[in-house]
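Engineer: I'd like to ask you about the structure that follows.
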């Protein structure tokens, strides 16, 4: 039997994990919802954030929040550059819209290889970590949690809520949602689709980048660090339904609870198998995920 | 049936077999072990990419967990040899059968899914298989690696060269035979428009599962070759990055051609291995080639060949 103390610490660990999964999975879901791009390079955007943070924090000795801000802005700019240089020409050239999803998937696979190895050329394969952003731990009902984790989750929650408000309340946010629902309709009411696509990709890159930056003390920066967040983001997004942004936090919580408890019960090697088994079962019976999605893009039938 | 008639492609000659026949003479003139090693590697990946193309280029499903089946075939054969003393020559066929059986099951799993959902399902099943192989250390020794007996006692690469050459030729002929038969036509019909195919009387369930079984069976066979050629297996052969490498070859070769994948492997593997000291650079080239082909020339090598030699693709 699990003691109360252990249970509490497992729950806290799961919630911390869920916050960060939400942050990285939201961007993945957003790109799919708006652009219909299943992004395999999402983990590399996370990695870029971690590298920017490590260079501004340890390299330039700037305060932690500034480092994370730099990562956010850097991620945004790099995301916009990637969209303009790769997806924009691809969109202009692709004649058969039916093949768009799988073609862009392949392109993001290439992009992932490219970014991973460019970083390796620039920064080498060395692990570049930091001990901590903020020293010390918090005492929470008898549990000691490092301040870094608490701030990390705090950042995740604030960013996700801010992003949600942005999508709901602002004109630009509404334009993004309109594009996700109906591209032709959005065009008719005068929305510039090219700008919306660039903005969406940039925002998504920014969210992943913030996640990578705020987790730096737990996961040091190295070229292939993006694989784990890529897996977890995909697990979450497929579980709740591709493109369904609102349900991402729920999926993140489910996945992180399963993984945390499976790791505790069977060892951390097996945790992935449990979440995979669950997702495979759900895909079998509900191919569009737990909550489906109302994305009406260029769906493949 | 009109729909099916429209898809039917006139047979065009392809350079795949000619290249393999030419390759058969290579060991007679070149005894450089390094060159032979490169060509073995190229044929191995070429055959894997052909089997991959058999699924993506025909029924239009990306089997993103493909490398797992390659690994499963290798592990099956190696474990049989290590634990039960089964000869590798028999083991590779058991590995092929087991891999095909798993592919058959995954074929069912992905049945109702299309596009990215089918790809993700295959990917997750592949990750699951890899996770089992990695963590079941009592059986597979996990990341420590499983030593596997070699096919031949000699260190000479020549015999291995002919084994993989025969496997590649067999796979090429078998896959092309199916692709050019009525079954291949049904595959294409399902891949292009499943509803229209159904309306024409094609049963997608049976053909999709059949396609997966054949493709993963070949992956398993090559896995067996790999196990008894390298002498050691680690779960890393089942990684997604291996699938990506195979997929890149299939796409660069040109989807739906089968032979294009083989040619792509014979060009790219030696060139990129030659750049091995520049490891990152090699993968950057892979990335750029993949992006470039997708944006500028989605038809790949086989489309280029057809254009250059003016072989008509369809007459209707």
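Residue numbers (the working numbering), protein chains in the order written: chain U, 400 to 700; chain H, 100 to 415. By construction, the Cβ of each residue, glycine as well, lies at the ideal position given by its N, Cα and C atoms.
Measure from the C-beta of residue 149 of chain H to each C-beta in chain U and report whether the shortest distance is under 8 Å.
Structural biologist: So no, residue 149 of chain H is outside the interface.
Engineer: In chain U, which residues lie with their C-beta within 7 Å of the C-beta of residue 223 of chain H?
Structural biologist: 675, 678, 679, listed in chain order.
Engineer: Pull up the distance between the alpha-carbon of residue 520 of chain U and that of residue 345 of chain H, whole angstroms please.
Structural biologist: C-alpha separation (whole angstroms): 24 Å.
Engineer: Assign residue 616 of chain U to one of three DSSP states: helix, strand, or coil.
Structural biologist: The answer is coil: DSSP assigns residue 616 of chain U none of H, G, I, E or B.
Engineer: To the nearest angstrom, report how far apart residue 337 of chain H and residue 167 of chain H are at their CA atoms.
Structural biologist: So the alpha carbons of these two residues sit roughly 4 Å apart.
Engineer: DSSP three-state call for residue 644 of chain U: helix, strand or coil?
Structural biologist: Of the three classes helix, strand and coil, the one that applies to residue 644 of chain U here is coil, per DSSP.
Engineer: Can you tell me whether residue 508 of chain U is buried or exposed, with buried defined as 16 or more other CB within 10 angstroms of its CB?
Structural biologist: With 16 or more Cβ atoms within 10 Å of its Cβ, residue 508 of chain U is classed as buried.
Engineer: Starting from residue 153 of chain H, follow the alpha helix (DSSP H) in both directions and report where the run begins and ends.
Structural biologist: Taken as a continuous stretch (DSSP letters only), the alpha helix (DSSP H) holding residue 153 of chain H covers 132-153.
Engineer: Going by DSSP in three states, residue 551 of chain U sits in which element: helix, strand or coil?
Structural biologist: In this structure, residue 551 of chain U counts as helix in the three-state DSSP scheme.
Engineer: Please report how far the alpha carbon of residue 362 of chain H lies from the alpha carbon of residue 469 of chain U, in whole angstroms.
Structural biologist: If I take the Cα positions, the gap works out to 46 Å.
Engineer: Residue 316 of chain H and residue 202 of chain H: beta carbons closer than 8 Å?
Structural biologist: In this structure, residue 202 of chain H lies closer than 8 Å to residue 316 of chain H by Cβ.
Engineer: Of the choices U:633, U:531, U:459, U:678, whose alpha-carbon is the least far from that of residue 430 of chain U?
Structural biologist: The candidate whose alpha carbon is nearest that of residue 430 of chain U is U:633.
Engineer: Let me check understanding here. Comparing Cα to Cα, which of U:643, U:670, U:673, U:611 lies closest to residue 443 of chain U?
Structural biologist: Residue U:611 is the option with its Cα nearest to residue 443 of chain U.
Engineer: Which class does residue 184 of chain H belong to by DSSP, given the choice of helix, strand or coil?
Structural biologist: In this structure, residue 184 of chain H counts as coil in the three-state DSSP scheme.
Engineer: So, at 8 Å on beta carbons, what are the nonlocal neighbours of residue 589 of chain U in its own chain, with the 5 sequence-adjacent residues on each side left out?
Structural biologist: Counting only Cβ-Cβ distances below 8 Å, and skipping sequence neighbours, we find nothing.
Engineer: Measuring CB to CB, does residue 119 of chain H end up less than 8 Å from residue 243 of chain H?
Structural biologist: Cβ atoms of residue 119 of chain H and residue 243 of chain H: not closer than 8 Å.
Engineer: Report back the beta-carbon spacing between residue 417 of chain U and residue 655 of chain U to the nearest angstrom; my notes put them in contact at under 8 Å.
Structural biologist: That belief holds up - the Cβ atoms of residue 417 of chain U and residue 655 of chain U are roughly 4 Å apart, short of 8 Å.
Engineer: So within the segment 481-542 of chain U, which uninterrupted beta strand (DSSP E) runs reach at least 3 residues, ignoring any that extend past its ends?
Structural biologist: List check, beta strand (DSSP E) in window: 536-539.
Engineer: Applying a beta-carbon distance threshold of less than 9 Å, which residues of chain H neighbour residue 506 of chain U?
Structural biologist: The answer, in chain order, is 389, 390, 393, 394.
Engineer: Listed in chain order, which residues of the segment 543-567 of chain U have Cβ atoms closer than 9 Å to some Cβ of chain H?
Structural biologist: Those residues of the segment 543-567 of chain U that come within reach of chain H (Cβ to Cβ, closer than 9 Å) do not exist; the list is empty.
Engineer: With 8 Å set as the bound, which would you pick, yes or no: does the beta-carbon of residue 165 of chain H sit closer than that to a beta-carbon of chain U?
Structural biologist: Judged by the 8 Å Cβ criterion, residue 165 of chain H is not in contact with chain U.
Engineer: Would you be able to state if there are at least three C-beta pairs under 8 Å between the segment 180-194 of chain H and the segment 115-130 of chain H?
Structural biologist: Contact between the segment 115-130 of chain H and the segment 180-194 of chain H is absent, because fewer than three Cβ pairs lie under 8 Å.
Engineer: Start and end of the alpha helix (DSSP H) containing residue 314 of chain H?
Structural biologist: From DSSP, the alpha helix (DSSP H) with residue 314 of chain H extends over 303-329.
Engineer: What residues from chain H crowd round residue 643 of chain U, counting only those whose CB sits closer than 8 Å?
Structural biologist: Under the 8 Å cutoff, chain H gives no residues; its nearest Cβ is about 14 Å from residue 643 of chain U.
Engineer: Please state the DSSP three-state secondary structure of residue 299 of chain H.
Structural biologist: The answer is coil: DSSP assigns residue 299 of chain H none of H, G, I, E or B.
Engineer: What residues from the segment 508-528 of chain U come within 7 Å of chain H, judged by C-beta to C-beta, listed N to C?
Structural biologist: Of all residues in the segment 508-528 of chain U, 508, 509, 510, 512, 513, 516, 517, 519, 520 have a Cβ within less than 7 Å of some Cβ in chain H.
Engineer: Can a CB atom of chain H be found closer than 8 Å to the CB of residue 633 of chain U?
Structural biologist: Closer than 8 Å: yes.
Engineer: Taking three-plus beta-carbon pairs below 8 Å as touching, is the segment 410-427 of chain U in contact with the segment 480-494 of chain U?
Structural biologist: At 8 Å Cβ cutoff, the stretches do not touch.
Engineer: Using the beta-carbon of each residue, which ones in chain U are nearer than 9 Å to residue 318 of chain H?
Structural biologist: Neighbours of residue 318 of chain H on chain U: none; closest Cβ ~19 Å, over 9 Å.
Engineer: If we define contact as Cβ-Cβ less than 8 Å, is residue 533 of chain U a contact residue for chain H?
Structural biologist: Not an interface residue.
Engineer: May I ask you to list, following chain order, the residues of the segment 646-671 of chain U that have a beta carbon less than 8 Å from some beta carbon of chain H?
Structural biologist: So the list reads 666, 668, 669, 671, given in the order they occur along the chain.
Engineer: Anyone know if the C-beta pair for residue 390 of chain H and residue 506 of chain U falls short of 8 Å?
Structural biologist: In contact: residue 390 of chain H and residue 506 of chain U (Cβ atoms closer than 8 Å).
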